[in-house]
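A short worksheet on the structure shown next.
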Amino acid sequence: MTADISTTTPATPDRTPADDDRRRPELPRRRGRFGVHLFLAAVSLAFLAPLLLAVYASLRPYEETAQHGYFSLPEHLSFDYYRKAFTESGMGHYFTNTLIIAVPAVLITLFLAAFVAFAVSRLKVRGGIVLLMLFTAGNLLPPQVIVTPLYVLFLKIPLPWWMSDSLTLYDSYWALILVNVGFQIGFCVFVLANYMRTLPQEILEAAIVDGAGLWTQFWRITLPLCRPALAALGTLEFTWVYNDFLWALIFISKPDKLPITSSLNNLRGQFFTDYNLLAAGSVLVALPTILVFLLLQRHFIAGLTLGSSKG
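Residue numbering for the sequence shown follows our numbering, starting at 2 and increasing by one per position.
This is how it looks when you write it as structure tokens:
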């Protein structure tokens, strides 16, 4: 006796309308994401286009771009303009001047702003909200309004010879440091105060129970937790102070004390300006800010996204 053996396949469940409803939004969602990515790529390209054009022009001889235009295909590419821009403008000396101004200004701004933000957000001092509003409102004051009062004031403030060879605050690095600290501290207080409000209050309460004093609560507990915000602010502040051009022209009279942004003037001729050489100098000037961003990129991005996962 033989038995018929039939192969059976497992039954597949029938598709339900709910499954179809779940599959339908996938295609529009992918199209939406593609559109967002395309828009972000276009915006990024629009922002990068001037920098890319400057880099492209700095690698070509001026005679070639004058004859064929800046958007033509290159015949010769070289880094000669970069060497020439660095040597002819004395850029190394101006880089040192800028670091003397920018580094202390950023450190002092962040240190003082952290003090004020800690008092406003964690200690619940009287009038803390009003104080925060005053610091924030200081950012709305146009710098041009107080140019003349500050100029007269700095001429009358004496300094010892080891701080300023002019014996006044005018024509010294301290003038640029103080004015940048004064204008940038309001923004830093506003950002740090709001960031400190997101820190768990239980951490400070536990530290107080363990006998931590006020300085310990600030220096050893709060500041380490604010590292992403401090890194993001440090990157922004260094870029703003580094790129400052107005205050240096007003408060510095000796050319050898000017910051790096003023060195580009040395690449402009009296009767003729080689714009390819000027483009190479501009790229060299921008390199330190790019380097600072790359070094602090991880903390900078973390600072920008702070609070995004909170309810």
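We treat Cβ as the ideally placed atom computed from N, Cα and C, and that holds for glycine.
Whole-angstrom C-beta distance between residue j and residue i, which should lie under 8 Å
i    : j    : result
Y174 : K258 : 7 Å
V117 : G235 : 17 Å between Cβ atoms; not a contact.
A194 : H300 : Wrong, their Cβ atoms sit about 19 Å apart, outside the cutoff.
V242 : A103 : 4 Å
L168 : L160 : 6 Å
R61  : P75  : 5 Å
For residue i, the nearest candidate out of the options (CA to CA)
i    : options                   : result
G129 : V190, V293, P161 and L108 : V190
N181 : A120, I101 and A230       : I101
I109 : I178, H69 and D81         : I178
T240 : P289, C227, W163 and V284 : P289
I291 : A67, Q218, F188 and L52   : L52
L247 : L231, E238 and P144       : P144
A249 : A176, L297 and R228       : A176
V148 : H69, L113, I251 and A213  : I251
Q202 : K125, L132 and Q298       : K125
N244 : V210, L154, Y95 and L205  : Y95
Residue i - DSSP class collapsed to helix/strand/coil
i    : result
S169 : A small correction: the amino acid at residue 169 is Thr; Ser does not occupy that position in the sequence shown. Strand at T169.
P51  : helix
P159 : strand
R299 : helix
C189 : helix
T3   : Any reading at T3 needs caution, since the residue's pLDDT is 47, under 50, leaving its predicted position unreliable; the model's value is listed next. Three-state result, T3: coil.
A280 : helix
D245 : coil
R269 : coil
M92  : helix
L200 : coil
S59  : helix
T217 : helix
K85  : helix
I291 : helix
H69  : helix
K311 : Because the pLDDT of K311 is 47, which lies under 50, any placement of that residue in the model is unreliable, and the question is left without a value.
M134 : helix
R31  : helix
Cβ neighbour criterion (16 or more within 10 Å) applied to residue i
i    : result
Y196 : buried
S79  : exposed
S90  : buried
V121 : buried
N98  : buried
W163 : exposed
A280 : buried
Y171 : buried
Q185 : buried
V284 : buried
L46  : exposed
L141 : exposed
Y152 : exposed
V37  : exposed
A86  : buried
Beta-carbon proximity of residue i to residue j, cut-off 8 Å
i    : j    : result
V286 : I261 : yes
Y63  : N277 : yes
R123 : T274 : no
G282 : L268 : yes
A55  : T66  : no
S136 : G187 : The sequence given here places Phe at residue 136; Ser does not occur at that position. Yes, the Cβ-Cβ distance between F136 and G187 is below 8 Å.
T217 : A208 : yes
S264 : M92  : yes
L200 : L226 : yes
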